[in-house]
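In my numbering, the protein residues as written are 2 to 675. Notes for the one structure printed next.
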């Protein structure tokens with residue numbers, strides 16, 4: 002009897018478990034992405050149907066009592082795209098005209114392609130979540146990028162449409178009001194989108210149709226599509242061979258910014274599907290480690306694989322370039338644009354050296370064991386020992402890359418699938434600068450040196466020097482001494498010039514690269530400057546470049562005598578790009594003990610006189626701020642500029658005389674009043 006009851010109980014449990022499994026299997030949200038459904042509004046659309054529906058929200062901390070407009074609220078919305086047209090919609094893009102200082106925290110199956118500023122212009126591309134989107138944002142697909150037509154899929158909604166779940170924060174719009182966007186639109190080129198139709202207070206929809214006129218004209222949509230593939234650095238992820246369990250990928254890093262470069266680049270990303278790197282050519286992981294595979298699900302599935310030959314099972318591998326000696330290695334090299342020690346030059350320096358590439362064999366894990374199931378890695382990062390810092394966006398699927406036929410035949414081959422990752426230079430630096438600038442002029446016998454702690458200070462400098470005190474003026478020859486050996490010269494010069502000296506002297510600049518900009522001469526038809534590069538680091542700089550932005554003074558540039566110099570294209574003739582002459586591309590490192598008399602190190606040095614004409618700039622005042630750079634870069638690094646200028650000595654003396662007369666009068670008046 003007891004056994005019968007136990008069996009009945011077991012059958013009941015099995016029945017309910019079976020029922021739960023059936024419900025779970027029937028749920029489309031658990032097995033796959035939400036499938037858009039035809040509605041009365043969408044069924045009337047013979048183009049691309051868009052709808053935006055606000056589904057809910059609530060106030061979130063902090064609670065604001067006085068300024069209700071600053072109260073934050075969580076919002077949840079659903080964005081739906083449905084292609085009811087005859088043509089496939091390639092790389093769909095949707096503009097959302099947010100207007101309540103929205104912060105977009107997540108958007109399912111999509112990525113941010115463009116972030117707009119207050120004027121509606123693109124402020125940055127490929128932004129990561131969370132993102133400030135209060136001025137508008139353009140989203141693109143991350144899983145389903147292309148929406149096929151109903152005709153080609155027999156009306157399969159999984160291939161013709163996509164549903165995006167949006168979650169974010171908005172400010173100032175609480176119940177019963179609804180925080181709707183000002184506008185929504187399809188951002189793909191060649192479509193006409195009317196003003197959205199509102200339905201109630203929480204939904205808007207519209208139908209975008211093909212517009213033959215817009216297909217021919219350049220417009221906002223085309224600009225978005227173009228800008229989505231631009232960036233300071235663009236990383237292209239090409240799948241060039243695909244099999245059931247693995248694929249062959251080529252990664253290409255392209256520097257598009259004429260004023261940046263990368264030294265010793267390090268590239269990393271995150272695998273999201275359990276992938277691992279089996280082999281590589283043209284680059285290598287910084288850490289070769291297969292333990293995560295051996296003790297993980299990869300080792301369980303690939304039981305017959307010898308994991309001792311696997312390069313990396315790290316979920317987030319870091320990749321570095323190979324040295325030039327491996328370029329022709331049949332095992333590790335033989336990849337075009339590989340093996341340059343991680344150096345990616347500016348395209349103005351050498352366009353053939355502004356690219357780096359490598360290939361890797363990637364193994365996949367279930368359930369992605371299909372040659373058509375391809376997923377690029379996410380969360381890309383790239384940096385180097387020199388050059389700016391970058392922020393990279395999410396991979397965006399683009400048209401397949403075309404490659405020249407290796408056999409030399411006049412044909413091309415294409416990749417199987419291609420994604421691009423757009424990386425932009427960070428506006429706010431997280432590390433200290435590496436170079437600084439000093440100013441001097443023929444009309445003043447003092448040099449304005451590099452700023453105090455320009456490239457950072459020691460952890461506790463206040464015991465030995467003052468990190469906030471301005472640098473002491475120097476005589477020109479003192480610049481040739483290491484900054485830590487200038488104290489005696491600086492004090493002597495201050496005594497000669499009658500300058501005040503603080504009790505605790507200012508700290509040194511701590512920069513490896515010092516650049517001196519000297520106004521050399523001023524004559525009727527033009528003027529000259531001399532630019533001197535001083536390398537106080539022990540490391541030499543090969544294929545160096547410098548760029549100076551001169552503002553109003555720039556258009557008069559004619560030539561540099563000892564450098565190769567030209568205007569940066571698109572800079573309105575105010576940014577001059579300079580590099581070494583052929584055979585002089587080495588800026589040598591400092592030589593310790595080269596100064597035999599004093600036992601001091603001597604900086605590596607290069608300099609050139611630069612000629613300017615006054616034909617285009619007849620009103621320049623070279624006794625003031627004109628003639629000095631407003632921005633200087635060395636090898637892509639922004640250099641710290643002085644905050645004062647070496648003004649004309651006569652003007653300065655005149656100011657001193659006027660001040661002396663003023664204080665004398667004050668003293669006399671005070672005496673008479675007594």
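The C-beta atom is built at its ideal place from N, Cα and C for all residues, glycine as well.
{"Check": "Reduced DSSP secondary structure (H/G/I, E/B, other) of residue 229", "Outcome": "With a pLDDT of 40 at residue 229, under the threshold of 50, the modelled position of that residue is not reliable, and the figure given next carries that caveat. Note: residue 229 maps to coil in three-state DSSP."}
{"Check": "Member of 172, 107, 513, 159 whose CA lies at the smallest distance from the CA of residue 135", "Outcome": "172"}
{"Check": "Rounded C-alpha distance that separates residue 270 from residue 291", "Outcome": "17 Å"}
{"Check": "Backbone secondary structure at residue 545 - three-state DSSP", "Outcome": "coil"}
{"Check": "Local conformation of residue 308 per DSSP, three classes", "Outcome": "helix"}
{"Check": "Neighbourhood of residue 1 by C-beta distance below 8 Å, restricted to the same chain and skipping five residues each side", "Outcome": "Nothing can be reported for residue 1: it is not among the residues displayed for the chain, which extend from 2 to 675."}
{"Check": "Given residue 427 as reference, the closest of 543, 637, 265 once Cα atoms are compared", "Outcome": "637"}
{"Check": "Span of the alpha helix (DSSP H), counted from its first residue to its last, around residue 204", "Outcome": "Element bounds for residue 204: not the alpha helix (DSSP H) but the beta strand (DSSP E), 204-211."}
{"Check": "Close-in-space but distant-in-sequence residues of the same chain around residue 575 (CB under 7 Å, 5 per side omitted)", "Outcome": "550, 551, 552, 555, 556"}
{"Check": "Buried or exposed (CB count within 10 angstroms, at least 16 for buried), residue 460", "Outcome": "exposed"}
{"Check": "Sub-7 Å separation of residue 174 and residue 133 beta-carbons", "Outcome": "no"}
{"Check": "Supposed close pair residue 284, residue 322 - CB separation, criterion 8 Å", "Outcome": "6 Å"}
{"Check": "First through last residue of the beta strand (DSSP E) which encompasses residue 61", "Outcome": "Unbroken run through residue 61: none, as it is neither H nor E."}
{"Check": "Residues of its chain near residue 130, where Cβ-Cβ distance is below 8 Å and the 5 sequence neighbours each way are ignored", "Outcome": "105, 106, 107, 108, 113"}
{"Check": "Among 118, 474, 495, 423, nearest to residue 382 - alpha-carbon criterion", "Outcome": "423"}
{"Check": "Residue 188 and residue 361 closer than 7 Å at C-beta", "Outcome": "no"}
{"Check": "Range of the contiguous beta strand (DSSP E) that encloses residue 142", "Outcome": "138-142"}
{"Check": "Per DSSP, cross-strand counterpart(s) of residue 418", "Outcome": "240"}
{"Check": "Distance between beta carbons of residue 547 and residue 623, contact taken as under 8 Å", "Outcome": "Actually they are not in contact, since the Cβ atoms of residue 623 and residue 547 sit about 21 Å apart, beyond 8 Å."}
{"Check": "Helix, strand or coil at residue 349 [DSSP, three-state]", "Outcome": "coil"}
{"Check": "Closest Cα partner of residue 161 within the set 204, 167, 92", "Outcome": "92"}
{"Check": "Beta-carbon gap between residue 377 and residue 396 smaller than 7 Å", "Outcome": "yes"}
{"Check": "Alpha-carbon to alpha-carbon, residue 64 and residue 37", "Outcome": "37 Å"}
{"Check": "Beta-carbon contacts of residue 137 that lie in its chain and below 7 Å, excluding the five residues immediately before and after", "Outcome": "96, 97, 98, 99, 117, 121"}
{"Check": "For residue 253 and residue 352, the rounded distance between their alpha carbons", "Outcome": "14 Å"}
{"Check": "Endpoints, beta strand (DSSP E) assigned at residue 620", "Outcome": "Looking at the DSSP string, residue 620 is not in any beta strand (DSSP E), and its letter there is neither H nor E."}
{"Check": "Beta-carbon proximity list for residue 358, same chain, < 8 Å, skipping 5 on both sides", "Outcome": "251, 252, 253, 254, 283, 336, 337, 338, 339"}
{"Check": "Cα-Cα separation, residue 391 to residue 236", "Outcome": "12 Å"}
{"Check": "Residue 157 classed as buried or exposed, judged by whether at least 16 other C-beta atoms fall within 10 angstroms", "Outcome": "exposed"}
{"Check": "Beta-bridge pairing of residue 43 - partner residues as DSSP gives them", "Outcome": "None; residue 43 has no bridge partner."}
{"Check": "Near the ligand MG: residue 233 beta-carbon under 6 Å from a heavy atom", "Outcome": "Looking at this structure, you won't find the ligand MG or any other ligand, since it has none at all."}
{"Check": "Three-state class that DSSP yields for residue 643 in the structure shown", "Outcome": "coil"}
{"Check": "For residue 640 and residue 437, believed in contact at Cβ under 8 Å, the rounded distance", "Outcome": "6 Å"}
{"Check": "Residue nearest to residue 487 in terms of C-alpha spacing, selected from 506, 261, 498", "Outcome": "506"}
{"Check": "Local conformation of residue 447 per DSSP, three classes", "Outcome": "strand"}
{"Check": "Contacting residues, own chain, Cβ-Cβ under 7 Å from residue 587 (five flanking each side not counted)", "Outcome": "541, 543"}
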